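Below you'll find the structure, written out as structure tokens, and then a few comments.
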Amino acid sequence: MGAKARLDHARAVRVRPVRALTLSAHRVVFTPSGKRGEFADGASLLAAARELGVDLDSVCGGRGICGRCQIDIAEGDFAKHALLSSAGHVTPWGEVESRYADKRGALPPGRRLGCQARICGDLVIDVPPESQVHRQVVRKRAETHPIEIDPVVRLYYVEVGEPDMHEPASDFRRLQQALSEQWGLAETNVDLATLATLQKTLRAGQWKVTAALRKGRDIVAIMPGFAERAYGVAIDVGSTTIAAHLTELASGEVVAAVGAMNPQIRFGEDLMSRVSYVMMNPGGDKELTRAVREAMDGLIGEAAREAGVSRGEILEVTIVGNPIMHHLVLGLDPTELGGAPFALTIDAAYEARARELGLDIAPGAFVYALPCIAGHVGADAAGVVLAEGPHLREELTLLVDVGTNAEIVFGNRDRLLACSSPTGPAFEGAQISCGQRAAPGAIERVRIDRATLEPRFKVIGCDLWSDEPGFAAVTETTGVTGVCGSGIIEAIAEMFLAGIVSEDGVIDGALAERTKRVEQVGRTFAYILSEGTPRLLIYQTDVRAIQLAKAALYAGAKLLMERAGAAPDRVTLAGAFGSHIDPLYAMTLGLIPDCDLAKVASAGNAAGTGARIALLNLAARAEIETVVRKIEKIETAIEPAFQRHFVAAMAFPNKEDAFPHLASRIALPPRKEPGGEGGRRRRRGAAPAPS
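At position 320 of the sequence shown the residue is numbered 1632 (the numbering used here), and the sequence of numbers has no breaks.
Set out below in structure tokens:
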């Protein structure tokens, strides 16, 4: 058969419009959509679904290859629809379905391929969730909305006519014709990098290829034969760590999640020190950009290897990050963010070819960076808003993305306010004498006996407490190596509740007379958390670092609450660190405002989740681009009240604000009497341990 004949044959076997058939009509109802219509004898269920706009997936164009169009046929007399439905009202199991089952495994009982089952009677057809194009990925936390799958990149399998001396047309023109005729994609284009792969791919696939189209227009990859899986990567570029989630675009499944320390740390631990490096070193911004891009590309490669995915199958990347990380990833100089008025180069969402950012994935793939809000409230905060949806709810929500630079959003569907607070890296273990990242061997939970002042703790990688039998054996390999962020929070909160630290953050040196756990170090005192190797102490400087960080965060939240004239109904802690904080201890330190502890929740890496939503749902991009333009930015640097709130928030839990919800759950130490002395003052009593 010649090329022209094959092309004519391909056109002939395409699914014909059901209205063109003149045989008897049958009623078909699709659930759960409830869409219904009358269709001619012999029409395929896939064609019927498409005519009604039913959400039924297909990649192969009805050839019985992909298996995405599976349906269930309901049996019985449906009075509601006034019809009798039966499996006998479709054509029998055929050769194509048998071939599919042999190659891909048997279908579930009663299941058929919608492209092969043809109508010959009245039917009620159920489209299972896994066969829906816009299926939802249900998330574990009830207060968050599910992700609807509608990715920006989709796969289309086509059979392309071969070159013919009698019909001169380029390979690309014939690919365009195939996409138009077989999928109705009339206007398509391609970039040079992808075009360069076309001829070899067509011939390797024997003129059968799968084209990946972005927004139904841009061809970003061409793969030989039938390809049913496409992937994207959602990346959260934090100032301390970078996290990447490799995700299957059609199902929303995360097939690999990897992370690494941000190599920019060698240029400075906090954001402002990195901006200073750029300002003081010509070409410094290029160094920082190169470092972060190489780290991102390395994580993509690591995730691909872990999942057994080729880099060429990765077709889209979404990125979130604070404004400085956002600018450096895009290759933009962050100098203007180093001082007032903190002007961004760009605040809107931005798209660029992945290869422009040095990412080795599909040749035509794009990177989508979520929009920034303003100043130092960046794309990561936008990701948190997209993931948590405060703009969709009536209750007032305080979102706190806890990191080196805390970004805070407060409000509801009527009004959203945002600010940032320079908390520094203390919450993530940096600037803490025994601090370390959350890794096996790091202390993550701490309890201190109120009478003996003896500590016990848990480390990452072990379910036992340090005073339980078997702890030493289980931790022999990892050891007890340091204290991670959640461990620091609990250690200092417990020290406060036990009376070791005063409400002003001073370690009580008088306790050295009754316990060896309090030790003098120069002119101050320290608390010995672990006597092992290495010896882990909480110094006065460590307490002060946490005070400064939590005071900055609380003062920012207080500004937003004052501006809104209301207190939060709900508090959500986001960020890798925020996901491990015990709300009781966060409130004990005064890290977050007082509210019902049952309404304090962790969102995990919500910024990363927002990036994944933008990866999987095209409409979500338009949603967040609209929402961020309505968020009111409060600049803490020029707010006179910020310093007052900051000073009050240095105390545990706060010098001015009451914490009635907290007090109902735990007995706080008595307030320091006016004129009382700091480190050597008499301990007035101890609070019971939290339940």
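Cβ atoms here follow ideal geometry from the backbone N, Cα and C, with glycine treated the same way.
Keep in mind the model is a prediction, meaning the values are calculated, not measured.
query, result
"ARG1829 beta carbon less than 8 Å from that of ILE1819", "no"
"Top-ranked residue by Cα proximity to ASP1434, from LEU1903, GLY1349, GLY1715, ASP1726", "GLY1349"
"Helix, strand or coil at ALA1572 according to DSSP, with G and I counted as helix", "strand"
"Beta bridge counterpart(s) of PHE1722 as assigned by DSSP", "LEU1710, LEU1729"
"Bounding residues of the alpha helix (DSSP H) (the contiguous stretch that carries PHE1783)", "1783-1786"
"Identified DSSP bridge partners for ARG1665", "PHE1678"
"8 Å Cβ cutoff met for ILE1943 and LEU1728", "yes"
"Proximity winner among ARG1882, MET1873, ASP1816, relative to GLN1852 (alpha-carbon distances)", "ASP1816"
"Inter-residue CB distance, ILE1461 and GLY1564 (contact presumed, cutoff 8 Å)", "5 Å"
"Contacting residues, own chain, Cβ-Cβ under 6 Å from ILE1760 (five flanking each side not counted)", "PRO1767, GLU1806, ALA1810"
"Alpha-carbon to alpha-carbon, MET1592 and ASP1582", "16 Å"
"Cβ-based neighbour list, LEU1425, same chain, cut-off 7 Å, excluding 5 preceding and 5 following", "GLY1376, GLY1379, CYS1381, GLN1382, GLU1409, TYR1412"
"Residue(s) in a DSSP beta bridge with GLY1544", "THR1559, GLU1628"
"C-beta atoms of ILE1636 and VAL1587 nearer than 8 Å", "yes"
"Stretch-stretch touch, CB-based, cutoff 8 Å, three pairs: the stretch 1741-1760 with the stretch 1787-1804", "yes"
"DSSP three-state assignment for ALA1524, whether helix, strand or coil", "strand"
"Alpha-carbon to alpha-carbon, TYR1866 and MET1962", "9 Å"
"Residue(s) in a DSSP beta bridge with TYR1589", "For TYR1589, which the question treats as bridged, DSSP gives no partner whatsoever."
"Rounded C-alpha distance that separates ARG1933 from GLY1695", "10 Å"
"Nearest-angstrom beta carbon gap, ALA1686 and ASP1713 [assumed within contact, 8 Å]", "Not a contact, Cβ separation roughly 15 Å."
"Unbroken alpha helix (DSSP H) run spanning ASP1483, endpoints", "1483-1495"
"Buried versus exposed call for THR1334 [16 or more other C-beta atoms within 10 Å across all chains shown]", "Residue placement at THR1334 is poorly supported in this model, since its pLDDT is 41, which falls under 50; the coordinates still yield a value, given next. The residue in question, THR1334, is exposed, as its Cβ has fewer than 16 Cβ neighbours within 10 Å."
"Inter-stretch contact (C-beta, 8 Å, three-pair minimum) for the stretch 1523-1531 and the stretch 1670-1679", "yes"
"ASN1634 versus GLY1887, PHE1958, LEU1974, residue with shortest Cα-Cα distance", "GLY1887"
"Beta-bridge pairing of PRO1767 - partner residues as DSSP gives them", "ILE1760"
"Chain C contact for THR1647 (CB, 8 Å cutoff)", "Although the question refers to chain C, the structure presented lacks it and comprises just one protein chain."
"Spatial distance of GLU1951 from ASP1659 (CA atoms)", "22 Å"
"GLU1628 vs GLY1753 beta-carbon contact at 8 Å", "no"
"Three-state secondary structure (DSSP) of TRP1405", "coil"
"DSSP three-state assignment for HIS1957, whether helix, strand or coil", "helix"
"Backbone CA spacing between SER1778 and PRO1846 [nearest angstrom]", "15 Å"
"Neighbour-count burial assignment, THR1735, 16 or more Cβ in a 10 Å radius", "buried"
"Option in THR1836, LYS1520, LYS1347 with minimal Cα separation from VAL1436", "LYS1347"
"Secondary structure of ARG2067, DSSP reduced to three states", "The structure shown does not extend to residue 2067, since the chain is modelled only from 1313 to 2003, so the question has no answer here."
"Cα-Cα separation between LEU1600 and GLN1576, rounded to whole angstroms", "6 Å"
"Straight-line Cα distance separating GLY1723 from HIS1957", "20 Å"
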